[in-house]
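Asker: Quick one: the structure is below, and I'll ask about it shortly.
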């Protein structure tokens, strides 16, 4: 497995419902791992890959999925390279860890959310749900949907802070409209916070995953 990563594994032999959680720009593989015991009462295995690109963050260094170009669109080639790397990582994780392949959720925060969108829209049938936190939907993705029918069956949670200073709330709302246009079954939530995950947001995330993945109502 090429990407450094951290893992939280629930008690028991598995296979476990699994969350692939991708951090934001400047963070690392430990950033989201601390949430694992609190997500749906710790019932999910949480696998947190680390972005392949090292970036300076003040006196320390963090990691990113692709470079940020101030005043310009992100480098599409770098994004595609990162997507291929994460796809290969996911495939390797399925072989190494006791993952319930029918209950895989892709989650991303900020820049990691852009990665999560790309992974899910390119292969929606692989995932039981999509979670996008404090991020935005890249407009070009609407032309890359590989399986519209599967996408229309992919439960999706979008959370955004009204006071987000990094990715303004207007972009979160525009993302929700883009997803609705694609007929994605969307749950959209706003919070009185900035670029962060709050206790309220974590509770809503847990309820969403429990309802949509752990204990779904199956309609015949």
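Numbering (the numbering used here), first residue to last: 398 to 617. Beta carbons are placed, not taken as given, at the ideal position from N, Cα and C, and that holds for glycine. Quick caveat: nothing in here was measured; it's all calculated off a predicted structure.
(1) On the DSSP bridge list, what partners appear for residue 529?
(2) So, is residue 515 buried or exposed, given that buried needs 16 or more other C-beta atoms within 10 angstroms?
(3) Return the first residue and the last residue of the beta strand (DSSP E) that residue 458 is part of.
(4) Within 8 Å, do at least three Cβ pairs link the segment 554-563 to the segment 580-594?
(5) Look up residue 403 in the DSSP assignment and say whether it is helix, strand or coil.
(6) Please return the same chain residues whose Cβ sits closer than 7 Å to the Cβ of residue 610, not counting the five positions on each side in sequence.
(7) From the DSSP output, which residues share a beta bridge with residue 453?
(8) To which residues does DSSP link residue 587 through a beta bridge?
(9) Can residue 548 and residue 542 be called in contact, C-beta distance under 7 Å?
(10) When the Cα atoms are used, what is the spatial distance from residue 521 to residue 513?
(11) With a threshold of 16 other CB atoms inside 10 Å of the CB of residue 408, please say whether the residue is buried or exposed.
(12) Between 436, 424, 593, which lies nearest to residue 607 when the distance is taken from Cα to Cα?
Answerer: Based on what the coordinates show:
(1) In the DSSP assignment, residue 529 is bridged to 505, 555.
(2) Residue 515 should be labelled buried.
(3) Annotation for residue 458: the continuous beta strand (DSSP E) segment containing it runs 457-461.
(4) Under the three-pair Cβ rule at 8 Å, the segment 580-594 counts as touching the segment 554-563.
(5) Residue 403 sits in a strand when the DSSP states are folded into three classes.
(6) Excluding positions up to five away in sequence, the list reads 414, 500, 502, 525, 526.
(7) Bridge partners of residue 453: 458.
(8) Paired residues: 557.
(9) Here residue 548 is near residue 542, since their CB atoms are less than 7 Å apart.
(10) Rounded to whole angstroms, residue 521 to residue 513 spans 11 Å at the Cα level.
(11) Exposed: under 16 other Cβ atoms inside 10 Å.
(12) Of the listed residues, the one whose Cα sits closest to residue 607 is 436.
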